[in-house]
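Engineer: Chains as they are written, first to last, in our numbering: chain A, 117 to 229; chain B, 2 to 117. Heads up, the beta-carbon is just placed ideally off N, CA and C, and yes, glycines get one too. Just so you know, these numbers come straight off a predicted model, no measurement behind them. One structure follows; several queries about it will come next.
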Amino acid sequence: KAGVTQTPRYLIKTRGQQVTLSCSPISGHRSVSWYQQTPGQGLQFLFEYFSETQRNKGNFPGRFSGRQFSNSRSEMNVSTLELGDSALYLCASSFRDSSGGLFFGEGSRLTVL
Amino acid sequence: AQSVTQPDIHITVSEGASLELRCNYSYGATPYLFWYVQSPGQGLQLLLKYFSGDTLVQGIKGFEAEFKRSQSSFNLRKPSVHWSDAAEYFCAVGDPSGGGADGLTFGKGTHLIIQP
């Protein structure tokens, strides 16, 4: 069974640009969550999607957005990039929610210059 | 809001020795509890989870954790560590009242170093 796949794995952007990250969940998983990991703040919850609906959102500005498609694949977008957005962005999937544990991808490492 | 504290930022253990990583949480009831491990450049791997029942839970790679309600703790243990256990370990809690749709709250992590 393939795991959670995130693309791209690494990317470099400049301030003011926007970026889109993609996540393919484990087959059969309908819940997809996104987390930001930085050395200073640690792992922080961005948002969670289930059946194309955002069910919950963390405390991040509106520049951070996401969506989920009918095949459960998800994308997140960050607009008007800031230096502080440099981080490892992790996608996680589960059957329906986090109660059974989340299965994480290897992440997309974003560097903003 | 729930919170998680991992008091030890770094722990050094000799190969073959036992290991205990501490985790304390703050939550009004019993949360979902998890331990994850992250190797350099990798995502997080679920080691074990607890939401009810037996307070001693077994996980993968020979790890176990014990939930102690009176101490609001969920410590991770392993009787004998291997060099391959060197990694970052994260404790996380989830809020059952949110139906599992809420995000997990993670501790800051404990960096485990294995001495030969």
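Along the chain, where does the beta strand (DSSP E) that runs through N76 (chain B) open and close?
Structural biologist: Residue 76 (chain B) sits at position 75 when you count from the first residue of the second sequence. Start and end: 74-79.
Engineer: Under 8 angstroms Cβ-Cβ, which residues of chain A neighbour G54 (chain B)?
Structural biologist: For the purposes of this step, residue 54 (chain B) is taken as residue 53 along the second sequence, with counting starting at 1. Within chain A, no residue comes near G54 (chain B); the closest Cβ sits about 13 angstroms away, beyond 8 angstroms.
Engineer: Could you tell me which chain B residues have their CB closer than 9 angstroms to the CB of F161 (chain A), listed as they occur along the chain?
Structural biologist: Locating residue 161 (chain A) in the first sequence gives position 45, counting from the first residue. Those within 9 angstroms of F161 (chain A) in chain B are D103, G104, L105, T106, F107.
Engineer: Give every residue of the same chain whose Cβ lies closer than 6 angstroms to the Cβ of R225 (chain A), excluding the five residues on either side of it in the sequence, and list them in chain order.
Structural biologist: Here the question's residue 225 (chain A) lines up with position 109 in the first sequence. Only Y126, L204 meet the Cβ criterion.
Engineer: Looking only at its chain, what residues have a beta carbon closer than 8 angstroms to the beta carbon of T130 (chain A), apart from the 5 residues adjacent to it on each side?
Structural biologist: Locating residue 130 (chain A) in the first sequence gives position 14, counting from the first residue. Contacts found: L197, V228, L229.
Engineer: Counting Cβ pairs closer than 8 angstroms, one from the stretch 22-37 of chain B and one from the stretch 160-167 of chain A, do we hit at least three?
Structural biologist: Not touching, per the Cβ criterion.
Engineer: Which bits of chain A does F75 (chain B) rub up against, with CB to CB less than 9 angstroms?
Structural biologist: On the second sequence, position 74 is the one that residue 75 (chain B) refers to. Near F75 (chain B) there are no residues of chain A at all, since even the closest Cβ is about 14 angstroms away, more than 9 angstroms.
Engineer: Just to confirm my understanding: we take F52 (chain B), look at its own chain, exclude 5 residues before and 5 after, and list those with CB closer than 6 angstroms. What are they?
Structural biologist: Locating residue 52 (chain B) in the second sequence gives position 51, counting from the first residue. Taken in chain order, the residues that qualify are Y33.
Engineer: With DSSP as the reference, please indicate the residues paired to W150 (chain A) in a beta bridge.
Structural biologist: Locating residue 150 (chain A) in the first sequence gives position 34, where the first residue counts as 1. Beta-bridge pairing links W150 (chain A) to A:F163, A:C207.
Engineer: Would you say F64 (chain B) faces chain A, with C-beta separation under 9 angstroms as the test?
Structural biologist: Here the question's residue 64 (chain B) lines up with position 63 in the second sequence. It does not; no Cβ of chain A falls within 9 angstroms.
Engineer: Going by DSSP in three states, R179 (chain A) sits in which element: helix, strand or coil?
Structural biologist: Taking the first residue of the first sequence as position 1, residue 179 (chain A) is located at position 63. Three-state DSSP puts R179 (chain A) in coil, outside helix and strand.
Engineer: Could you pull the start and end residues of the beta strand (DSSP E) that I114 (chain B) belongs to?
Structural biologist: Position 113 of the second sequence, counting from 1, holds the residue named residue 114 (chain B). It spans 111-116 - the beta strand (DSSP E) in which I114 (chain B) sits, taken as one unbroken run.
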